[in-house]
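For what it's worth, the UniProt record's numbering labels the leading residue of the sequence shown as 1, then goes sequentially. Notes to accompany the following structure.
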Amino acid sequence: MKRDDFRPPVWLNDGLQESHPTLRRINDTFILKASKWSNETWTWTVGKNYTKPQKHGFSPKKDRGRKKHSPFLPRPVRANGTRGAKKQTWQTWPLSWNAGTRINEMQVVGTHNSYHVPLVGKELSQLKRHRGRWWNLQYSHLPLDQQLKRQQVRSLELDVRPDPWGGRFAIPYISTLTPKWQSSDNRLFGPGSKVLHIPDIDYRSNCVLFTDCLLHIRNYLDNHPAPVPIIVLLEARDSHPLYLPVFATVPSRKTWMPDLYDALEHEIRSVFLPDRLLTPDMVRMEGLTLEQSILWRGWPTVQSARGRVMFVVDGFGESRRAYLKHRPNLEGRLMFTVSKPGKADCTFLKINNPKNVGHIRSLVKKGYLVRTRADKPVSTVLKCSTKRRTQAFESGAHIVSTDFPVWGTSKRWRGCDYAVRLPGGKTAHCNPVSAKPGCHDDDFREDP
């Protein structure tokens with residue numbers, strides 16, 4: 001077994017605890033078994049007496065009669081006693097491009113790193129030692145369904161990392177530095193995409209499994225079936241092994257590739273039925289690129305898209321090319337992409353800094369959807385400045401993202417009370433740039 005092929009803990013030396021893997025630790029030494037069918041074990045030491053992983057034993061062939069399942073296609077999640085997507089009792093409308101307020105005529109508030117939970121206690125003390133400007137990681141969000149319900153948020157952002165075999169992030173290094181170290185969330189040992197900010201350092205999350213995050217959103221939709229379209233931005237981040245120069249997770253890099261994107265979409269399909277999604281195939285016109293379609297015909301009406309979720313993947317370099325491979329117009333794909341004007345797949349733009357208001361306005365007028373940020377955690381609050389927030393709303397960006405969606409969440413930072421809210425606490429209102437004269441805020445009203 002090569003070091004680069006090492007997949008961390010699935011089964012352990014001391015057997016199972018209630019049929020779930022744990023990790024054995026003796027002082028600063030970790031011991032794990034490579035797999036259920038293997039006599040091969042790995043040991044390593046952290047702290048002052050750090051040693052590299054060492055292999056012991058050998059790996060016999062797996063049972064040939066065992067039913068195999070591809071690790072790149074996780075099984076559908078189990079929800080409410082059933083496997084896969086729950087049967088819904090409320091039906092969405094067919095998409096329409098008739099007279100009515102369009103999706104690109106609304107403006108909503110979203111949250112940045114919507115899953116994020118800060119470190120506390122001993123882990124926070126270690127963070128202060130190992131990272132400068134640690135306070136910029138001290139922001140927190142409610143569970144996703146509560147943000148949608150209580151904070152009038154209509155756009156979410158998740159940092160998604162591939163973990164097809166499970167366990168890549170199960171042993172955060174910063175946790176091993178605390179005196180009474182305990183295993184992290186056991187769900188990190190299982191296969192499937194994970195949602196976290198920085199491996200080993202800033203790993204706390206309201207929903208560590210991507211499917212858990214999806215279930216939070218679906219739980220809200222099951223109880224509030226007709227909100228305006230919810231836009232979920234997925235940042236496709238690599239599963240790099242370490243943030244600190246000490247072995248703690250895995251020694252190889254995992255980049256998003258076509259098969260991993262297929263698995264990610266499989267997870268989405270396992271939670272949402274097709275009529276709960278807004279996909280590129282639904283928007284693209286025959287004979288035109290995706291960009292040409294939204295610039296010529298535009299987006300569907302808000303009324304016809306109520307209750308749907310629109311996923312937008314934000315990939316970089318190789319990972320972006322992997323998602324577009326053989327599908328330049330996102331044919332058959334579930335997610336839109338963050339792109340640049342002039343590209344066939346361009347429908348959504350991310351411009352984090354709203355200082356160039358005129359540039360954003362010109363893009364909004366053309367018909368692109370734009371997301372910007374009203375603040376940076378926590379420096380904006382420390383300065384007690386609202387300039388960036390004002391620019392974000394005036395630019396006409398459709399999504400104004402923040403880490404402070406309600407009043408009171410920023411008071412602990414030098415007493416500055418700061419929040420990003422729409423007037424009257426609305427979930428959406430008419431876009432100041434792209435809305436037509438016939439647009440009314442009542443077009444976005446939602447039943448409680």
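For each residue, glycine too, the CB sits at the ideal point set by N, CA and C. Treat the numbers as computed from the prediction; the structure is a model and nothing was measured.
- Taking a 10 Å sphere around the C-beta of Ala-99, we find fewer than 16 other C-beta atoms and assign the residue as exposed.
- Close CB contacts of Leu-277 within its chain, under the 7 Å cut and outside five residues either way in sequence, are with Arg-308, Val-309 and Leu-334 (chain order).
- When secondary structure is reduced to three states using DSSP, Gln-126 falls in the helix class.
- Nearest Cα to Tyr-220 within the set Gln-146, Ile-231, Arg-389 and His-130: Gln-146.
- A Cβ-Cβ contact shorter than 8 Å links Asp-447 with Ala-226.
- Taking 8 Å as the cut-off, the Cβ atoms of Ser-385 and Asn-136 do not count as close.
- For the set Asn-206, Ile-294 and Glu-105, the Cα lying nearest the Cα of His-116 is the one of Asn-206.
- Straight-line measurement puts the Cα of Lys-355 at about 33 Å from the Cα of Met-282.
- In the displayed model, Glu-446 falls within coil according to three-state DSSP, outside both helix and strand.
- A direct Cα-to-Cα measurement between Gln-391 and Asp-375 gives close to 11 Å.
- Each residue's CA atom was taken as its position, placing Val-433 and Tyr-368 some 12 Å apart.
- Excluding five sequence positions before and after Ile-294, the CB atoms of its chain that fall closer than 7 Å to its own CB belong to Val-283, Thr-347 and Gly-367, given in chain order.
- Thr-372 is classed as buried because its beta carbon has at least 16 other beta carbons within 10 Å across all chains shown.
- When C-alpha distances from His-398 are compared across Val-153, Trp-93, Arg-161 and Glu-267, the shortest belongs to Val-153.
- In the three-state scheme derived from DSSP, where H, G and I count as helix and E and B as strand, His-141 is classed as coil.
- A residue is called buried once 16 or more other Cβ atoms fall within 10 Å of its Cβ, and Glu-318, having fewer, is exposed.
- A distance below 7 Å between beta-carbons, with the five flanking residues on each side excluded, links Ser-114 to the following residues of its chain, in chain order: His-141, Leu-144, Gln-147, Leu-156, Glu-157 and Leu-158.
- Val-420 places its beta carbon 8 Å or farther from that of Val-108.
- One Cα belongs to Ser-125, the other to Pro-172, and the distance between them is close to 15 Å.
- Going by beta carbons, Thr-279 and Val-313 fall outside the 8 Å limit.
- Annotation: Lys-387 to Asp-202 spans about 29 Å, alpha carbon to alpha carbon.
- Taking 8 Å as the upper bound for CB-CB distance, Tyr-418 and Val-381 are in contact here, some 5 Å apart.
- Distance from the CA atom of Thr-427 to the CA atom of Phe-444, rounded to whole angstroms, is 8 Å.
- Closest in alpha carbon position to Val-160, among Trp-97, Pro-405, Gly-192 and Gln-151, is Gly-192.
- If you ignore the 5 residues before and after Arg-389, its C-beta comes within less than 7 Å of the C-beta of Ala-374, Asp-375 and Val-420, all in its own chain and listed in chain order.
- DSSP assignment within the stretch 379-436 yields the following whole alpha helix (DSSP H) runs of 4 residues or more, N-terminal first: 379-383 and 387-394.
- A Cβ-Cβ contact shorter than 8 Å links His-112 with Thr-402.
- The alpha carbon of Asn-353 has as its nearest neighbour, out of Arg-320, Phe-316 and Phe-393, the alpha carbon of Phe-393.
- Under the 10 Å beta carbon count, Gly-396 is surrounded by 16 or more other beta carbons and is classified as buried.
- CA-CA distance, Ser-96 to Pro-300, rounds to 5 Å.
- Beta-bridge annotation (DSSP): Gly-110 is paired with Ser-155 and Ser-401.
- Secondary structure of Val-160 (DSSP, three-state): strand.
- In this chain, the alpha helix (DSSP H) harbouring Phe-210 covers 210-223.
- When the five nearest sequence neighbours on each side are left out, the beta carbons in the same chain lying within less than 7 Å of the beta carbon of Ile-268 are those of Leu-214, Phe-311 and Leu-334, in order along the chain.
- In this structure, Val-364 keeps its C-beta atom at 8 Å or more from the C-beta atom of Met-106.
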